[in-house]
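Asks: Can you keep this structure in mind? I'll have questions shortly.
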Amino acid sequence: MFSRTRAPEEAEKNASESPLAESPALSPKESALESVNEKWFALYEWISPEELRMTLERDYIQIVRFASIPLAIVTGIAAFVGLIASPIGSILAILLVLGIFYGIVGLVLAIRFFHRSYVYVRGANVVITDNHYVLGGKVIEKSDEPTVRKRFERFENMFDEPFFGESRIKEKKAKAKTQLFDNLKLVAAGWEKIIRNIGQSRDSKGVVIVILIAGFLYAAMMGLVYFIGIFFISIFGRIFAWLAHRYLLATSNTEHVIQSLFREIDRSAKRLETEKKSAVRLLDSATQNEWKDNLSGKINASTKLLGELAGSATDDSRKLRSLLESSEYKEIFNFVKYGNWVSKQILEPIESIISLLRKNHSIISENLVSLDSQIATTPEPAFQLPLEAQKKRFQMQLENFESTIRLLEGYEEKLK
Numbered sequence: 002m003f004s005r006t007r008a009p010e011e012a013e014k015n016a017s018e019s020p021l022a023e024s025p026a027l028s029p030k031e032s033a034l035e036s037v038n039e040k041w042f043a044l045y046e047w048i049s050p051e052e053l054r055m056t057l058e059r060d061y062i063q064i065v066r067f068a069s070i071p072l073a074i075v076t077g078i079a080a081f082v083g084l085i086a087s088p089i090g091s092i093l094a095i096l097l098v099l100g101i102f103y104g105i106v107g108l109v110l111a112i113r114f115f116h117r118s119y120v121y122v123r124g125a126n127v128v129i130t131d132n133h134y135v136l137g138g139k140v141i142e143k144s145d146e147p148t149v150r151k152r153f154e155r156f157e158n159m160f161d162e163p164f165f166g167e168s169r170i171k172e173k174k175a176k177a178k179t180q181l182f183d184n185l186k187l188v189a190a191g192w193e194k195i196i197r198n199i200g201q202s203r204d205s206k207g208v209v210i211v212i213l214i215a216g217f218l219y220a221a222m223m224g225l226v227y228f229i230g231i232f233f234i235s236i237f238g239r240i241f242a243w244l245a246h247r248y249l250l251a252t253s254n255t256e257h258v259i260q261s262l263f264r265e266i267d268r269s270a271k272r273l274e275t276e277k278k279s280a281v282r283l284l285d286s287a288t289q290n291e292w293k294d295n296l297s298g299k300i301n302a303s304t305k306l307l308g309e310l311a312g313s314a315t316d317d318s319r320k321l322r323s324l325l326e327s328s329e330y331k332e333i334f335n336f337v338k339y340g341n342w343v344s345k346q347i348l349e350p351i352e353s354i355i356s357l358l359r360k361n362h363s364i365i366s367e368n369l370v371s372l373d374s375q376i377a378t379t380p381e382p383a384f385q386l387p388l389e390a391q392k393k394r395f396q397m398q399l400e401n402f403e404s405t406i407r408l409l410e411g412y413e414e415k416l417k
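Given below as structure tokens:
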């Protein structure tokens, strides 16, 4: 299996040493490896619904290609056998052969596609942790290479896609199409040669007509097979691939919820960092006494948003841990590393925001003491009014900071 692509263990190591994790647009493979390296969990979509649909089209073209020359021979024989009865009998015999053939093709395709769909819902998504794979409901240790190779080879061969490799379905479909047209050219050349050889006989007129009719019917049916048949096969494939994918999502709902919670925590962590930078700029303006453009309202809105983001991230982290502890992945998931990841993503930003707010709380408290002193030494009431207004703003900010700090400390306690 892994001879066609890098082994997952090697790929993970290389991914951690490369700048891929910093790329703004990661491939599914790179995204999965980054997730494993950072969170020790990833849900990797190995086979997509589109690839499942394309396997049906590939199978269809391959079956028609393999059968094209034998079908031409059988069609010709049926034409001559039917000629014994009458020209109409010859045509009916050809149509009977072609009808039986396409009935068999339809049956074979349906069986193969339903079997492949069954395999798809059991292995299209692969759960990866730091030391294990989960494929088709089976937990496999990464260090057990023979078992890994045995389990993965079945899926690789069926869908023509190495694990963490590129799909070869399009390539094989195009190759089968080219070979089909080559076969049809051979059939046409053979038919022409037969007509030319038989046509030299004096009594060959009826036989030539039968051959021409057989050739025409064969060509018409092959045209319908490729151009119209592939159209209906594509529609059939899309419908059943969609149904198989919906079933896959329903049966692997826990894995998708886990993956979604990881993503939400990531987003919250990034938004926390962005909003913290915004809060720093606003607080810098406040410490410089630049109370313009509703600065007080902006600071209040910023600290409120920081509290909401921290709360959302905390709730998601606790929900994720609870889900992991009650899932089938409890025994293979590294909760120590998960705790370190949550600390880095959520706890550390919350602690830094608390530290920032405490620092500014201290600065504003000192400013209040200074203002009280200025107000006490200012005899004129007219001069005291702006100082009193500034003092009120500072007091409101202190109350806001204290409320947000208490809120963040509560989240901090939940995450420890």
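If you're matching positions, the sequence shown starts at 2 in the numbering used here and goes up one per residue. Backbone N, C-alpha and C define an ideal beta-carbon position, used for all residues, glycine too.
Please list the terminal residues of the continuous beta strand (DSSP E) segment that includes Phe-42.
Replies: Working through the sequence shown from its first residue, we reach residue 42 at position 41. 42-46 is the span of the beta strand (DSSP E), which, as asked, contains Phe-42.
Asks: Under three-state DSSP, which class holds Lys-331?
Replies: Here the question's residue 331 lines up with position 330 in the sequence shown. Reduced to three states, the DSSP call for Lys-331 is coil.
Asks: Apart from the five residues on each side of it in sequence, which residues of its chain come closer than 7 Å, Cβ to Cβ, to Phe-283?
Replies: Position 282 of the sequence shown, counting from 1, holds the residue named residue 283. Looking at the sequence shown, residue 283 is not Phe but Leu. Correct list, in chain order: Leu-296, Lys-299, Ile-300 and Ser-303.
Asks: Which residues share a DSSP beta bridge with Lys-139?
Replies: One-based indexing of the sequence shown puts residue 139 at position 138. In DSSP, Lys-139 forms a bridge with Leu-136.
Asks: Residues bridged to Asn-126 by DSSP?
Replies: The residue labelled residue 126 in the question sits at position 125 within the sequence shown. In DSSP, Asn-126 forms a bridge with Glu-46.
Asks: What do you get for Ala-111, buried or exposed, if any count of 16 or more other CB atoms within 10 angstroms of its CB means buried?
Replies: In the sequence shown, residue 111 corresponds to position 110, counting from 1. Exposed, because fewer than 16 other Cβ atoms sit within 10 Å of the Cβ of Ala-111.
Asks: For Ala-22, collect the residues of the same chain with a Cβ closer than 6 Å to its Cβ; drop the 5 residues on either side in sequence, then sort them by chain order.
Replies: Counting from 1 along the sequence shown, the entry for residue 22 is found at position 21. The predicted position of Ala-22 is uncertain, since its pLDDT is 38 and thus under 50; a value taken from the coordinates is nonetheless stated next. Counting only Cβ-Cβ distances below 6 Å, and skipping sequence neighbours, we find Glu-35.
Asks: Can you have a look at Glu-400 and say buried or exposed, based on whether 16 or more other CB atoms are within 10 angstroms of its CB?
Replies: Numbered from 1 along the sequence shown, position 399 holds the residue referred to as residue 400. Its Cβ having fewer than 16 others within 10 Å, Glu-400 is exposed.
Asks: CA-CA distance, Glu-154 and Lys-40?
Replies: Mapped onto the sequence shown, residue 154 falls at position 153. Mapped onto the sequence shown, residue 40 falls at position 39. Using only the alpha carbons, I get a separation of about 27 Å.
Asks: Mark Ala-311 as exposed unless 16 or more other C-beta atoms lie within 10 angstroms of its C-beta, in which case mark it buried.
Replies: Numbered from its first residue, the sequence shown carries residue 311 at position 310. Flag for Ala-311 reads buried.
Asks: Is the Cβ-Cβ distance between Ser-318 and Val-343 less than 8 Å?
Replies: Counting from one through the sequence shown, the residue named residue 318 turns up at place 317. Counting from one through the sequence shown, the residue named residue 343 turns up at place 342. Closer than 8 Å, so yes.
Asks: Check the C-beta distance from Thr-74 over to Leu-181 and give it rounded, since I have them as a contact under 8 Å.
Replies: On the sequence shown, residue 74 is found 73 positions in, with the first residue counted as 1. On the sequence shown, residue 181 is found 180 positions in, with the first residue counted as 1. The sequence as given places Ile at residue 74; Thr does not occur at that position. Not a contact, Cβ separation roughly 16 Å.
Asks: Roughly how far, in whole angstroms, is the beta-carbon of Ile-129 from the beta-carbon of Val-37, given that I think they are within contact range, below 8 Å?
Replies: Residue numbering aside, residue 129 sits at position 128 when the sequence shown is read from its first letter. Residue numbering aside, residue 37 sits at position 36 when the sequence shown is read from its first letter. Indeed they touch by this definition, with Cβ atoms about 5 Å apart.
Asks: I'd like the list of long-range same chain contacts for Thr-378, defined as Cβ closer than 8 Å, with 5 residues on each side in sequence excluded.
Replies: By one-based count along the sequence shown, residue 378 stands at place 377. Taken in chain order, the list of residues that qualify is empty.
Asks: Excluding five sequence neighbours on each side, which residues of the same chain lie with their C-beta closer than 7 Å to the C-beta of Asp-60?
Replies: Sequence index remark: in the sequence shown, residue 60 carries index 59 (1-based). Leu-110 and Arg-113, listed in sequence order.
Asks: If you draw a straight line from the C-alpha of Pro-380 to the C-alpha of Arg-272, how long is it?
Replies: By 1-based counting over the sequence shown, the position of residue 380 is 379. By 1-based counting over the sequence shown, the position of residue 272 is 271. Going from the Cα of Pro-380 to the Cα of Arg-272 covers about 48 Å.
Asks: Comparing alpha-carbon positions, which option in Ser-69, Tyr-103 and Arg-123 lies nearest Ala-251?
Replies: Locating residue 251 in the sequence shown gives position 250, where the first residue counts as 1. Looking at the Cα atoms, Arg-123 is the closest of the given residues.
Asks: Does the beta-carbon distance from Ile-355 to Leu-409 come in below 8 Å?
Replies: Within the sequence shown, residue 355 is the residue found at index 354, counting from 1. Within the sequence shown, residue 409 is the residue found at index 408, counting from 1. The answer is yes: Cβ separation under 8 Å.
Asks: When you compare only the Cα positions, how much space is there between Gly-137 and Val-127?
Replies: Numbered from its first residue, the sequence shown carries residue 137 at position 136. Numbered from its first residue, the sequence shown carries residue 127 at position 126. So the alpha carbons of these two residues sit roughly 8 Å apart.
Asks: Since Asp-373 is in the alpha helix (DSSP H), which residue starts that stretch and which ends it?
Replies: For the purposes of this step, residue 373 is taken as the residue at position 372 of the sequence shown. Segment 349-377, the alpha helix (DSSP H) holding Asp-373.
Asks: Taking the alpha-carbon of Lys-173 as reference, which of Phe-165, Ile-101, Met-159 and Leu-185 has the nearest alpha-carbon?
Replies: If you number the sequence shown from 1, residue 173 lands on position 172. Selected option, being the one with the closest Cα: Met-159.
Asks: Compute the Euclidean distance between the alpha carbons of Ser-17 and Phe-233, then round it to the nearest angstrom.
Replies: In the sequence shown, counting from the first residue as 1, residue 17 sits at position 16. In the sequence shown, counting from the first residue as 1, residue 233 sits at position 232. Because the pLDDT of Ser-17 is 40, which lies under 50, any placement of that residue in the model is unreliable, and the question is left without a value.
Asks: Using the C-alpha atoms, what's the distance from Glu-157 back to Leu-249?
Replies: Taking the first residue of the sequence shown as position 1, residue 249 is located at position 248. Taking the first residue of the sequence shown as position 1, residue 157 is located at position 156. Their Cα atoms are separated by approximately 18 Å.
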